[in-house]
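Participant: First the structure, which I've put down as structure tokens, then a few questions once you've had a look.
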Amino acid sequence: MQISDTTSQRILLPVRASTILGSFALALLANFLPWRDVALAPDFVALVLVFWCVRQPRLVGLGAGWLLGLLIDVGNGVLLGQHALVYSMLAFASITLSRRILWFPLWSQAMHVAALLLFAQGVAALVRLAAGAEFPGWSIAAGPLIGALLWPVITTLLLMPQRRPVEVDETRAI
Amino acid sequence: MEHTPPPFFNRGPAPLVRLAFFASLSFALLVLDARFHYTEGLRSVLAMAVYPLQTLATLPAALGERISEYFASQAQLREENAELRAKILSTSQAAQRFEAAQAEVSQLRRLIGASERLPVKSVPAEILYNGRDPYSRKVVIDKGSQNGVRAGSPVVDEAGVIGQVTRAYALVAEVTLLTDKDQAIPVQVVRNGLRAVAFGAGSSGMQELRFMASNAEIQNGDKLVTSGIDGTYPPGLPVATVARIERDAAYAFARIVCQPAAGVERGRYVLVIENEAREAQPPEETGAAIDKRPGKVRKPRRKDGEGSP
């Protein structure tokens, strides 16, 4: 059976809001790290956003993406609204695909994520080219692909809090 | 009878409607920012919210550097010290000569009645990190508007101009490098005084002189310095060296590629020059305007002189 490969077979604990907020804070931190080569650095915020949109489409959606996008725009000093637009479109696409993605094993999920992240990078490139920037070369596709390779890692890490063993009450009668 | 779904199924507006809402909001912001620059207030507020995260992110690299500096070997330090001492000797000699020349120049300027050039103030700063935007060339420095850095100030290193402050936040500032596609700087050829404007050439790390006629008198190896016409850059700072000239009869303009003189894409310590001094005067102080000023200044004096006896 295909589902047996996936991680979705196990019943997970309900997600806590602190996990989601903490993961977004860590992703923002990772995005602001001084990377030597900007083109090769994966967009952690986009990756975590895709993760939560796929896993919890009712909790995390376009509004969260838009706000995160604004923070990234300010932190990176780019056009205000560029990442806001990109992340809200990314959140929409991931929510639309969320029912489909979770049926696949992790590496096939990563390929879906690669397509999503490349789409986001493409939208960003269109916005910047329309605003008059020059095309920086195809190396900008490297970041999303590296980000997609990180998908299994991110999935394992972010699902950890929901996989804690249920506390067994030893003194219970039954 | 009307049946409404129970609130359990209520999931708010449809996803497409939400997408349309947020996309139009983003487009509005984009247009306001790109065309009208109305969003600086919102930007500075959000910047304060992001600042702690940014400092936290640059902390590990800074710490690592501190530690590696601590363990630098004595031989290395001694070598560096000797090098720096030799450099100080040579530069102090140059500085003495410069001082003498400046005194002479100010004396001569006083003779012809031109306004004395005010001394240029500067703020030393350190580059924190490269901008995380592959579409532009920017760096972030560790001095902001609280240290007197303001948008528009030129930024130089020991070899020449590296860029211009484009946005000054409270504690950090964003510097657009000369190699950015949208960054222009007015220059002058040292050899013959020919004026031009150098634009960044983007990802190649070079600069271009645009709109120079194909018969313009310029050759490989020509040194370019700031002309100071714009009132932003002080005149005479080294900018670039002409590296390649392509003259094609099919085009009206020559294609002139220059290599920046300063370490635009490397180096860590920079100097932000305050252009406060020049702001006090009208921008047309250079060139022909200088000759007019003494006349203007003298006239009221003459009147005073006539009025007093």
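Those sequence lines, one after another, are chains H and P. Under this note's numbering, the first residue of the first sequence carries the number 1, and numbering increases by one thereafter. Under this note's numbering, the first residue of the second sequence carries the number 1001, and numbering increases by one thereafter. Every residue gets a Cβ at the ideal spot worked out from N, C-alpha and C, and that includes glycine.
#1: Using a Cβ-Cβ cut-off of less than 8 Å, list which residues of the segment 86–101 of chain H approach chain P; keep chain order.
#2: Taking Cβ positions, are Pro1235 of chain P and Ala1159 of chain P nearer each other than 9 Å?
#3: Does the beta carbon of Pro1124 of chain P come closer than 9 Å to any beta carbon on chain H?
#4: For Arg1066 of chain P, report the span of its alpha helix (DSSP H) as first-last.
#5: Can you tell me which of the three DSSP states Ala133 of chain H falls into?
#6: Would you grab the beta carbon distance between Val1175 of chain P and Gly1163 of chain P for me? Rounded to a whole angstrom, and I think it's under 8 Å.
#7: Would you tell me roughly how many angstroms separate the C-alpha atoms of Ala17 of chain H and Arg1167 of chain P, rounded to the nearest one?
#8: Going by DSSP in three states, Ala941 of chain P sits in which element: helix, strand or coil?
#9: Between Gln2 of chain H and the rest of its own chain, which residues show a CB-CB distance below 6 Å, the 5 nearest in sequence each way excluded?
#10: Is the shortest distance between the beta-carbon of Val1140 of chain P and the beta-carbons of chain H less than 9 Å?
#11: Classify Arg1210 of chain P as helix, strand or coil using the three-state DSSP reduction.
#12: Which same chain residues end up closer than 6 Å to Phe44 of chain H when comparing Cβ atoms and leaving out the 5 residues on each side of it in sequence?
#13: In terms of DSSP beta bridges, what is Ser1272 of chain P paired with?
#14: Span of the alpha helix (DSSP H) holding Lys1087 of chain P?
#15: Can you look up Thr96 of chain H in the DSSP assignment and give me helix, strand or coil?
#16: Here's a check: name, in chain order, each residue in its chain whose Cβ is nearer than 7 Å to the Cβ of Glu1080 of chain P, leaving out the five neighbours to either side.
#17: Taking 9 Å as the CB-CB cut-off, is Ser4 of chain H touching chain P?
#18: Are the C-beta atoms of Arg1268 of chain P and some chain H residue less than 9 Å apart?
#19: Give the secondary structure of Phe1199 of chain P by DSSP, where H, G and I count as helix, E and B as strand, and everything else as coil.
#20: At what residues does the beta strand (DSSP E) containing Val1165 of chain P begin and finish?
#21: So is Met111 of chain H buried or exposed if we call it buried at 16+ other beta carbons inside 10 Å?
#22: Give the single residue among H:Leu70, H:Phe92 and H:Val50 whose Cα lies nearest to the Cα of Glu1040 of chain P.
#23: Of all Cβ atoms in chain H, is any one closer than 9 Å to the Cβ of Thr1286 of chain P?
#24: Once you ignore the five residues that flank Leu40 of chain H on each side, which residues in its own chain have a CB closer than 7 Å to its CB?
#25: Kindly say whether Arg1066 of chain P, judged by its beta-carbon, lies nearer than 9 Å to any beta-carbon of chain H.
#26: What's the call for Met160 of chain H, buried or exposed, on a 16-neighbour Cβ count within 10 Å?
#27: What residues are listed by DSSP as bridge partners for Gln1188 of chain P?
#28: Say whether the segment 89–104 of chain H touches the segment 1143–1156 of chain P, bearing in mind that this needs 3 or more beta-carbon pairs closer than 8 Å, one atom from each stretch.
#29: Find out if the Cβ-Cβ distance for the pair Tyr1269 of chain P, Ile1127 of chain P is shorter than 9 Å.
#30: Between P:Glu1065, P:Val1190, P:Tyr1129 and P:Val1123, which lies nearest to Gln1054 of chain P when the distance is taken from Cα to Cα?
#31: Taking buried to mean at least 16 other C-beta atoms within 10 Å of its own C-beta, is Asp1248 of chain P buried or exposed?
#32: Tell me whether Phe104 of chain H sits in a helix, a strand or coil according to DSSP, three-state version.
#33: Quick one: give me the first and last residue of the beta strand (DSSP E) that Val1140 of chain P is part of.
#34: Between Thr19 of chain H and the rest of its own chain, which residues show a CB-CB distance below 6 Å, the 5 nearest in sequence each way excluded?
#35: Which residue wins for smallest C-alpha separation from Tyr1251 of chain P, given the options P:Gln1096, P:Val1120 and P:Ser1214?
#36: Are the segment 72–91 of chain H and the segment 1007–1026 of chain P touching by the rule of at least three beta carbon pairs closer than 8 Å?
Facilitator: Reading it off the structure:
#1: Ser88, Met89, Phe92, Ile95 and Thr96
#2: no
#3: Closer than 9 Å: no.
#4: Glu1040 to Tyr1070
#5: coil
#6: 5 Å
#7: 35 Å
#8: What the structure shows of chain P is the stretch from 1001 to 1309, and residue 941 of chain P is not part of that stretch, so it cannot be assessed.
#9: With a pLDDT of 40 at Gln2 of chain H, under the threshold of 50, the predicted position of this residue should be treated as unreliable, and no value is reported.
#10: yes
#11: Arg1210 of chain P: strand per DSSP, three-state reduction.
#12: Ala27, Ala30 and Asn31
#13: One detail in the question is off: residue 1272 of chain P reads as Val in this sequence, not Ser. According to DSSP, Val1272 of chain P bridges with P:Val1123 and P:Val1155.
#14: Lys1087 of chain P -> alpha helix (DSSP H) spans Gln1074 to Ile1112.
#15: helix
#16: none
#17: With a pLDDT of 39 at Ser4 of chain H, under the threshold of 50, the modelled position of that residue is not reliable, and the figure given next carries that caveat. Closer than 9 Å: no.
#18: no
#19: strand
#20: Val1161 to Ala1168
#21: exposed
#22: From the listed residues H:Leu70, H:Phe92 and H:Val50, the smallest Cα separation to Glu1040 of chain P is found for H:Leu70.
#23: No answer about Thr1286 of chain P holds up, because its pLDDT of 48 lies below 50 and its placement is not dependable.
#24: Ala142, Gly143 and Ile146
#25: no
#26: exposed
#27: P:Arg1195 and P:Val1225
#28: The count of Cβ pairs closer than 8 Å, one atom from the segment 89–104 of chain H and one from the segment 1143–1156 of chain P, stays below three, leaving the stretches out of contact.
#29: yes
#30: Check the Cα spacing between Gln1054 of chain P and each of P:Glu1065, P:Val1190, P:Tyr1129 and P:Val1123: the tightest is with P:Tyr1129.
#31: exposed
#32: Of the three classes helix, strand and coil, the one that applies to Phe104 of chain H here is coil, per DSSP.
#33: Lys1138 to Ile1141
#34: Pro161
#35: By alpha-carbon distance to Tyr1251 of chain P, the top candidate from P:Gln1096, P:Val1120 and P:Ser1214 is P:Ser1214.
#36: yes
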